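Enquirer: Structure in structure tokens, see below.
2 protein chains.
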Amino acid sequence: MNKKEHWKPGNMLYPIPAVMVSCGSVEKSNIITIAWAGTICSNPAMVSISIKKERYSYNIIKENKEFVINLVTKDLVRQTDFCGVRSGKDIDKFKEMKLTPIKGQKVNAPIIDQSPLNIECIVKEIIPLGSHDMFLAEVVNVTVDKRYMDDKGKFHLNKSDLIAYSHGEYFRLGEKLGKFGYSVKKKINRR
Amino acid sequence: MNKKEHWKPGNMLYPIPAVMVSCGSVEKSNIITIAWAGTICSNPAMVSISIKKERYSYNIIKENKEFVINLVTKDLVRQTDFCGVRSGKDIDKFKEMKLTPIKGQKVNAPIIDQSPLNIECIVKEIIPLGSHDMFLAEVVNVTVDKRYMDDKGKFHLNKSDLIAYSHGEYFRLGEKLGKFGYSVKKKINRR
């Protein structure tokens, strides 16, 4: 009996981030929610986001060559969903979603104040792939909310209640299963 | 009082998938765990993975021009961590981790039988970025475990207990917060 079934090719890499990408300027801004996003290089720190040509943010980011990735928490999930299905052609998403735009440190695009972590990016290359164009970008600044910083200056991102997107649904992160490298750590002899 | 702090550029896009990427052949295979992975195009379905040149799998994938992304569940987290920190130069990771290689449907690379979903990929382009090279690949087949398929042929990926990786830690997915589009759905009048 075959317990496997073969499907046609499709997008099934999950869970993935669902991040709010802000662009434009504080005066004329937009937000687009992106799930086709990822880290592509450690040094220099680089990310990619993929956007359909029809999307309102596509031309803004193509012209300005910059954007901000804003991480998303449980308290921002409704805004995240809304910014993924509605177009900035018709509405001011910052105003509609009661989000606060603050000018980025290294880019003109606004960061979303309510997000625990903002990643300012400069576009290096745009690669057309089909339905989507991929924007390769270098990270030029990271802004963090001091709320998640401890006395020793250590940042606890995983206390901010980040969400993940998986196969059409948004989830909180749940039970912690281990730290990177735990499988090969030697046990301390406590005798 | 400024509640924000500016950091130097870094990789802070989280949560992200931590997937086991298998390569080579059933006879001579390897597994490398990748967190720098993402979907980059819907049509054609495309993904990217970024790998350091020093990694054992780098040359295998560069030469064979194919790999398999195997999604990871709670029961596979130890194997996932191990395959991210140990090198296939020294060990047979399938054997060591008691994982079963099965030849892919459209590629020679093995899929990991224990994974709920396997994404077979053909490399289209390799882009050097710095510490990592990015492999752009087209999805050519998806294999799913029938265990998560219901009577009507609907696949319930989110019942497979997928894990996410965030800022150095592995997590189960937790509370479900909503479906894509829920923020603009009209409420049904139940009066």
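Just so you know, the protein sequences line up as chains C and L, in that order. Under my numbering, the residue at position 124 of the first sequence is numbered 124, and the numbers go up by one with no gaps. Under my numbering, the residue at position 160 of the second sequence is numbered 351, and the numbers go up by one with no gaps. We treat Cβ as the ideally placed atom computed from N, Cα and C, and that holds for glycine. Because the structure is a prediction, the values reported are computed rather than measured.
(1) Once the 5 residues before and after C/I40 are set aside, which same chain residues still bring their CB inside 7 Å of it?
(2) Rounded to a whole number of angstroms, what is the C-alpha to C-alpha distance between C/S183 and L/V276?
(3) What number of angstroms, rounded off, separates the C-alpha of L/F362 from the C-alpha of L/N349?
(4) So, is L/D342 buried or exposed, given that buried needs 16 or more other C-beta atoms within 10 angstroms?
(5) Verify the CB distance criterion: does C/A109 have a CB-CB separation below 9 Å to chain D?
(6) Enumerate, from N- to C-terminal direction, the unbroken beta strand (DSSP E) stretches of 3 or more residues contained entirely within the stretch 43 to 119 of chain C.
(7) Could you give the first and the last residue of the continuous beta strand (DSSP E) run that contains C/V19?
(8) At least one CB of chain L closer than 9 Å to the CB of C/T100: is that the case?
(9) Just confirm the distance between the C-beta atoms of L/S322 and C/S42, as a whole number of angstroms; I'd bet it's less than 8 Å.
(10) Determine the contact status of L/V333 and C/H6, defining contact as a CB-CB distance below 9 Å.
(11) Quick one, which of C/E66, C/H167, C/Q114, C/K185 has its alpha-carbon nearest C/S160's?
(12) Note down the Cα distance separating C/I91 from C/G104, rounded to an integer number of angstroms.
(13) Would you list, in sequence order, the uninterrupted beta strand (DSSP E) runs of no fewer than 3 residues that lie entirely inside the stretch 347 to 375 of chain L?
(14) In chain C, what lies closer than 9 Å to L/Y247 by C-beta?
(15) Whole angstroms are fine: how far does the CA of C/N64 sit from the CA of C/E96?
(16) Hey, out of L/K199, L/N299, L/A209, whose CA is closest to L/G359's CA?
(17) Please go through the same chain and pick out, in chain order, the residues whose beta-carbon is closer than 6 Å to the beta-carbon of C/G10, but skip the five residues on each side of it.
Expert: On the basis of the supplied data:
(1) Here residue 40 of chain C refers to the residue found at position 40 of the first sequence. M46, V47, S48, L136, listed in sequence order.
(2) Counting from one through the first sequence, the residue named residue 183 of chain C turns up at place 183. Counting from one through the second sequence, the residue named residue 276 of chain L turns up at place 85. Within the model, the alpha-carbon separation for C/S183 versus L/V276 is close to 9 Å.
(3) Here residue 362 of chain L is taken as the residue at index 171 of the second sequence, counted from 1. Here residue 349 of chain L is taken as the residue at index 158 of the second sequence, counted from 1. In a straight line, the C-alpha of L/F362 is about 14 Å away from that of L/N349.
(4) Residue 342 of chain L sits at position 151 when you count from the first residue of the second sequence. Per the 10 Å Cβ criterion, exposed.
(5) Within the model displayed, chain D is absent; protein chains C and L are what it includes.
(6) As far as the stretch 43 to 119 of chain C is concerned, its whole beta strand (DSSP E) runs of at least 3 residues are 46 to 52, 66 to 70, 101 to 103, 110 to 112.
(7) The sequence position of residue 19 of chain C within the first sequence is 19, counting from 1. That run of the beta strand (DSSP E) goes 19 to 24.
(8) In the first sequence, counting from the first residue as 1, residue 100 of chain C sits at position 100. No - not a single Cβ of chain L is within 9 Å of the one on C/T100.
(9) Taking the first residue of the second sequence as position 1, residue 322 of chain L is located at position 131. Taking the first residue of the first sequence as position 1, residue 42 of chain C is located at position 42. So it is a contact: roughly 5 Å between Cβ atoms.
(10) To locate residue 333 of chain L, count along the second sequence from 1; it is residue 142. To locate residue 6 of chain C, count along the first sequence from 1; it is residue 6. Against a cut-off of 9 Å, the Cβ pair of C/H6 and L/V333 comes out as a contact.
(11) Counting from 1 along the first sequence, the entry for residue 160 of chain C is found at position 160. Closest by alpha carbon: C/Q114.
(12) Position 91 of the first sequence, counted from the first residue, corresponds to residue 91 of chain C. Position 104 of the first sequence, counted from the first residue, corresponds to residue 104 of chain C. Distance between the alpha carbons of C/I91 and C/G104 is about 22 Å.
(13) Taken in chain order, the whole beta strand (DSSP E) runs of length 3 or more contained in the stretch 347 to 375 of chain L are 354 to 357, 360 to 370.
(14) Within the second sequence, the letter at position 56 stands for residue 247 of chain L. Per Cβ cutoff of 9 Å: no residues; L/Y247 is ~16 Å from chain C at best.
(15) By one-based count along the first sequence, residue 96 of chain C stands at place 96. By one-based count along the first sequence, residue 64 of chain C stands at place 64. C/E96 and C/N64: Cα-Cα distance of roughly 23 Å.
(16) By one-based count along the second sequence, residue 359 of chain L stands at place 168. Of the candidates L/K199, L/N299, L/A209, the one whose C-alpha sits nearest the C-alpha of L/G359 is L/A209.
(17) Numbered from 1 along the first sequence, position 10 holds the residue referred to as residue 10 of chain C. Closer than 6 Å at Cβ, skipping near neighbours: no residue.
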